[in-house]
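**Q** So for the sequence shown, the numbering used here puts the first residue at 8; every next one is plus one.
Glycine is no exception: its CB is placed at the ideal position from the N, C-alpha and C atoms.
Pasting in a structure now, in structure tokens, and then I'll have a few things to ask.
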Amino acid sequence: MFNFFKGTFRFEVIHSDNIQTESILTPESLVNYVIGVNNHLIKAEETGWVYAEKFKESKKGKKLLYAFKIELPLYEDNPYFDQLLSPFYTKKKLAFEEVVLPEATKETKNEGGTPELPPELQALADSGTKRLEEQSPETVEVSEMIFEEQEPLDPNDDQAEQQQLIENLMYQLEMQQEEIQQLKQENATNLSLNNPFSNEDIQTELVIKKKQTEVSPDNSYPGLSLDSMEPKTEEPTVLSTPESIGAVSDVLDLVKNEFSSRLSSFVEEETTKIDREIKELDTRHLIEGEVTKRVQIEKQRTMDAEILVLENKEQKELKEEQQRHESAVATIKRTCAEKKATKEQELDVHFKEKLSNDIAAEYQAQTDQLTRILQGKKDELAFKQKEMNEGLKANFAQVLASFNETHEKVIEQVEQQKVANQPIDFLAHKKVAN
Numbered sequence: 008m009f010n011f012f013k014g015t016f017r018f019e020v021i022h023s024d025n026i027q028t029e030s031i032l033t034p035e036s037l038v039n040y041v042i043g044v045n046n047h048l049i050k051a052e053e054t055g056w057v058y059a060e061k062f063k064e065s066k067k068g069k070k071l072l073y074a075f076k077i078e079l080p081l082y083e084d085n086p087y088f089d090q091l092l093s094p095f096y097t098k099k100k101l102a103f104e105e106v107v108l109p110e111a112t113k114e115t116k117n118e119g120g121t122p123e124l125p126p127e128l129q130a131l132a133d134s135g136t137k138r139l140e141e142q143s144p145e146t147v148e149v150s151e152m153i154f155e156e157q158e159p160l161d162p163n164d165d166q167a168e169q170q171q172l173i174e175n176l177m178y179q180l181e182m183q184q185e186e187i188q189q190l191k192q193e194n195a196t197n198l199s200l201n202n203p204f205s206n207e208d209i210q211t212e213l214v215i216k217k218k219q220t221e222v223s224p225d226n227s228y229p230g231l232s233l234d235s236m237e238p239k240t241e242e243p244t245v246l247s248t249p250e251s252i253g254a255v256s257d258v259l260d261l262v263k264n265e266f267s268s269r270l271s272s273f274v275e276e277e278t279t280k281i282d283r284e285i286k287e288l289d290t291r292h293l294i295e296g297e298v299t300k301r302v303q304i305e306k307q308r309t310m311d312a313e314i315l316v317l318e319n320k321e322q323k324e325l326k327e328e329q330q331r332h333e334s335a336v337a338t339i340k341r342t343c344a345e346k347k348a349t350k351e352q353e354l355d356v357h358f359k360e361k362l363s364n365d366i367a368a369e370y371q372a373q374t375d376q377l378t379r380i381l382q383g384k385k386d387e388l389a390f391k392q393k394e395m396n397e398g399l400k401a402n403f404a405q406v407l408a409s410f411n412e413t414h415e416k417v418i419e420q421v422e423q424q425k426v427a428n429q430p431i432d433f434l435a436h437k438k439v440a441n
């Protein structure tokens, strides 16, 4: 019973509204939960966050060991999350960064409300509490010695230890009840296959037993009741007479036989009840299927995560290659454009010079041609002028000779008239000359 005082660890998880709730009991389940949430957010193309806390609960109270907030999604592989969440494996308090969470959060705690105990466990708890309150000082001292071996306490706090012992006993009973209820819920679908007794038969049998107990309480076995631990008052001794010894022996034999019969019946009923409960809780035939399903889910989740990482890596490499290709194409285009501009400029200068040279050459050639033409025209005109002059000279010489001859004749005539002393008839002379 002193194991009740060993520290237990609890996880509390708070997350954004777009993340589903899941029970977290171990650091491994926390890592798997974060990986699953991360993969879900990546596929849904959403963002979210998870805030996890780890507490240690002992008889001293509740102590926060570590807390951490994760912004998701993260495009990393699974070992990264193992390393990121490794502080949650701690059993001692670690330093962590305080964060302020939004007011509207969805909190998942691994502690539900206190379940209502069945009458048998409640009676056991009440009896245990009463016995702890009535235990002797020697028992308290032994308990204190064992407690000091696990964790030192104030020696003046005996009442607090007893109260803590009671609370831990109640807590363990509640946890056992929760485990039983959980197992029953998980095996609800298999009850019809594994349990030959229906729930109605069990309830009917319990009601019949309860009624039998209420009708004949004196026939129950006192050694199995919790009340048997309470001190009993001694009745005064009654002296028996020799005549009553035989009757007393018969009564004792009858009581012995009845007691043995009732004890055998009780043991048989308890054995049957235990066997039935064991059959209800025995799900070993389902272990292979459940473990296989769980491993397959984990395998699929891991495979999806790894494939997603590879796909993201592929997309990243393709994007980088596309960017490199686009950069190379842009560089080639820019280089070609620069070369084209340079070549166009060189050709422009070259053809400008060629145009100027061709124009000058053509102009010079045409000028030379015109010069030659003009020179020819000049030579032609000079030749014609020479011919004209020579022709004119010949004509004028002839005319002059004719004129001179005629004029000489006139002069001779005038001279003759002068000698003859006769007037000159110019008109007649002109007609003759013509």
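Confirm, please, whether the CB-CB distance from Lys69 to Phe62 is below 8 Å.
**A** Closer than 8 Å, so yes.
**Q** Would you mind reading off the limits of the beta strand (DSSP E) that contains Ser93?
**A** No beta strand (DSSP E) contains Ser93, which DSSP labels as neither H nor E.
**Q** Hey, could you find the ends of the alpha helix (DSSP H) Tyr73 is sitting in?
**A** Looking at the DSSP string, Tyr73 is not in any alpha helix (DSSP H); the run it does join, the beta strand (DSSP E), is Gly68 to Leu79.
**Q** Are Ile42 and Arg301 closer than 8 Å when you measure CB to CB?
**A** No. Outside cutoff.
**Q** Under three-state DSSP, which class holds Ser65?
**A** Looking at Ser65 - three-state DSSP - the assignment turns out to be strand.
**Q** At the level of alpha carbons, what is the spacing between Ala372 and Gln382?
**A** If I take the Cα positions, the gap works out to 15 Å.
**Q** Check Glu19 in the structure and name its three-state DSSP category.
**A** Reduced to three states, the DSSP call for Glu19 is strand.
**Q** State the Cα-Cα distance for the pair Val421 and Ala427, rounded to the nearest angstrom.
**A** Distance between the alpha carbons of Val421 and Ala427: 9 Å.
**Q** Counting Cβ pairs, one atom from each stretch, are 3 or more of them under 8 Å apart for the segment 96-105 and the segment 42-55?
**A** Result no; under three Cβ-Cβ pairs closer than 8 Å.
**Q** For Phe18, which option in Ile26, Asn25, Leu270 and Tyr40 has the closest C-alpha, if you only look at C-alpha atoms?
**A** The shortest C-alpha separation from Phe18 is found at Tyr40.
**Q** Compare the beta carbon distance of Ile26 and Val44 with 8 Å and say whether it is the shorter of the two.
**A** In contact: Ile26 and Val44 (Cβ atoms closer than 8 Å).
**Q** Which same chain residues end up closer than 7 Å to Leu71 when comparing Cβ atoms and leaving out the 5 residues on each side of it in sequence?
**A** Cβ within range, chain order: Glu60 and Phe62.
**Q** Do Lys350 and the ligand NAP come close, with the Cβ less than 7 Å from some heavy atom?
**A** Absence of the ligand NAP is noted for the structure shown, with no ligands found whatsoever.
**Q** Using a Cβ-Cβ cutoff of less than 7 Å, which residues in the same chain neighbour Glu78 once the five nearest sequence positions on both sides are dropped?
**A** Taken in chain order, the residues that qualify are Trp56.
**Q** How big is the Cα-Cα spacing for Ser30 and Leu37?
**A** One C-alpha to the other measures close to 9 Å.
**Q** Among Asp282, Thr97 and Tyr82, which one has its Cα closest to the Cα of Thr15?
**A** Ranking Asp282, Thr97 and Tyr82 by Cα distance to Thr15 puts Thr97 first.
**Q** From the DSSP output, read off the bridge partner residues of Asp57.
**A** The amino acid occupying residue 57 in the given sequence is Val; Asp does not appear at that position. Paired residues: His22 and Ile77.
**Q** For Tyr82, name the three-state secondary structure that DSSP assigns.
**A** Three-state DSSP puts Tyr82 in coil, outside helix and strand.
**Q** Report back the beta-carbon spacing between Asn190 and Leu81 to the nearest angstrom; my notes put them in contact at under 8 Å.
**A** Note that residue 190 corresponds to Leu in the displayed sequence, not to Asn. No, Leu190 and Leu81 are not in contact; Cβ-Cβ is about 36 Å, not under 8 Å.
**Q** Please list the terminal residues of the continuous alpha helix (DSSP H) segment that includes Lys50.
**A** Note, Lys50: alpha helix (DSSP H), Pro34 to Ala51.
**Q** Using a 10 Å radius around the Cβ and a threshold of 16 neighbouring Cβ atoms, would you call Leu388 buried or exposed?
**A** So Leu388 counts as exposed.
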